[in-house]
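Comments concern the structure below.
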Amino acid sequence: MSNPLLLQAVRGMNDILPDEAGLWLWFEDTVRDWVESYGYRNIRMPLLEPTALFKRAIGEVTDIVEKEMYSFEDSLNGDHLTLRPEGTASCVRASLQHSLLYNAPQRLYYSGAMFRHERPQKGRYRQFHQVGVEALGFSGPDIDAEQILMCARLWRKLGLRDITLQLNTLGDIEARQRHRVKLISYFEQHCGLLDADATRRLHSNPLRILDSKNPAMQELILAAPKLMDELDDDALRHFEELQKILHRHEIAYEINPRLVRGLDYYNRTVFEWVATRLGAQATVCAGGRFDGLIEQIGGKSAAAAGFAMGIERILALLQEDGMTLPPAPLDVYVIHQGEMAYDMSSLVAENLRDFGLRVLLHCSGGSFKSQMKKADASCARFAVILGDNEVRSGLATLKPLRGGEQIQVEFDALPVKINELIKQG
Ligand code: ATP
Ligand code: MG
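Here the sequence shown is numbered in full-length UniProt numbering, starting from 1 and rising by one per residue.
Listed below in structure tokens is the structure:
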């Protein structure tokens, strides 16, 4: 039984331990090169925001706002605060607050922890991490296409082949209004077939009924009025233009009229990238256009598009593919015995680091023999050994730990010598 005195992490919030963190670091580096190759710039927002921001941006009757947010009252001043459940609202808020959109569209990206009070399961956590990409102030299908091409490039870079693109258009507000009226009337006619969730949503958010996973309602949903039939010419042209660009780049996709997304701010293009083997939590990346959001948050009306991907789900795919990243190997393990040797060894270690080497300086004493054992276990390439003899002679012992003869090297010459040996392999 686990020790009852030992506190555990909050359910659904994971520690990422050093063995796994290597993969995260590598992914973060890859993402940075990738987004920057499209000219997107990094932005960092706080984890806490006023609750009103998410209510206004995501929508009062969405799953996220209704039941997934970590919201609380600041005990000192009574402010209503929420741990961010997603990044788009904060990114738009920050851009407006700092006038980034004044006469200049912005291509931005961020990466970090998001919080949703969901039932934890594989691929679904209460603290999870997203990379988010937003293009604020762009109205054309060219930017929708750019973002889809970006994603396709990332999957190629990561070697993920079995991720498919689902695409839909939600049209503009007026079309959605017309569709909404038809949907409500259709579902009212068949209200006996609605489950509790759908009945609850019937008048608040009928579009979300289309997203229901309940098998008993699938037939009803399939025959429901289609949003596609309500689209006006501009929205249709936008969608066709996007598809043309995707064809030109040979991006395969499937149009899924039931793709509606769980956040209210989307319009026109919406898309999801779905892994064919992640089980229930298969969507690794989702996004689309949100032309009304900037104005809704208090800015001057401007179109925008973006997407966010779930890092845990992508790393799970990579791990299933057998990808592991061994921690970066140490170059040198420095062993020492005696007070003078310690003084010298800490100078030597700092000097080696000045030359770009990864160095572990043995701490906490112990015999030469036990220190040598630790050096071997550390998988470092070399041990540098300093004892009384070495201090007296001014020559350190340099011992290759993966075969080869040990040699004596002047303290100051160590960095160059070690780098030389590393280059020789
Ligand atoms: P889902 O339908 O799986 O609940 P969502 O529509 O709520 O996803 P978005 O808000 O669009 O998700 O977030 C974008 C991506 O972030 C998702 O596609 C997914 O990869 C990831 N994601 C969302 N919620 C979680 C979570 N609780 N745990 C881990 N990853 C998540
Ligand atoms: Mg969700």
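A virtual CB, placed ideally from N, CA and C, is assigned to each residue, including glycine.
query, result
"Nearest residue (CA-CA) to Val187, options Glu36, Ile209 and Arg44", "The displayed chain sequence assigns Phe, not Val, to residue 187. Of the listed residues, the one whose Cα sits closest to Phe187 is Ile209."
"Contact test: Ala152 Cβ vs ligand 1 heavy atom, cutoff 7 Å", "no"
"Run of the alpha helix (DSSP H) containing Phe187, from where it starts to where it stops", "Ile173 to Gln189"
"Option in Gly87, Glu146 and Ala383 with minimal Cα separation from Leu361", "Ala383"
"One or two residues paired with Phe382 in a DSSP bridge", "Val332 and Pro400"
"Top-ranked residue by Cα proximity to Cys151, from Lys373, Ser301 and Tyr38", "Tyr38"
"Ala285 - containing beta strand (DSSP E), residue span", "According to the sequence shown, residue 285 is Cys rather than Ala. Where Cys285 is concerned, the enclosing beta strand (DSSP E) stretches over Thr283 to Arg289."
"Check: Asp63 C-beta below 7 Å from any heavy atom of ligand 4", "You won't find ligand 4 in this model; what it holds is ligand 1 and ligand 2."
"Any non-hydrogen atom of ligand 1 within 7 Å of Tyr125 CB", "yes"
"Among Gln166, Ala286 and Glu272, nearest to Tyr253 - alpha-carbon criterion", "Gln166"
"Residues near Asp264 by beta carbon distance below 7 Å, same chain, minus five either side", "Ile58, Gly59 and Thr62"
"contact_flag[the segment 38–57, the segment 106–116] where n(CB pairs < 8 Å) is 3 or more", "yes"
"DSSP-derived helix/strand/coil call for Pro206", "helix"
"Distance CB(Ile16)-CB(Trp26) smaller than 8 Å", "no"
"Delimiting residues of the alpha helix (DSSP H) encompassing Phe239", "Asp233 to Arg248"
"CB-CB length for Leu202 against Ile184, believed under 8 Å", "6 Å"
"Distance CB(Val131)-CB(Ala308) smaller than 8 Å", "yes"
"Any beta strand (DSSP E) of 3 or more consecutive residues that is wholly inside the segment 140–176", "163–169"
"Given 8 Å, three or more beta-carbon pairs between the segment 91–105 and the segment 297–307", "yes"
"Check: Ala275 C-beta below 7 Å from any heavy atom of ligand 1", "no"
"Gly171 versus Leu395, Thr324, Arg392 and Phe290, residue with shortest Cα-Cα distance", "Phe290"
"Reference Gly356, options Cys379, Glu240, Leu330 and Ser364, closest by Cα", "Leu330"
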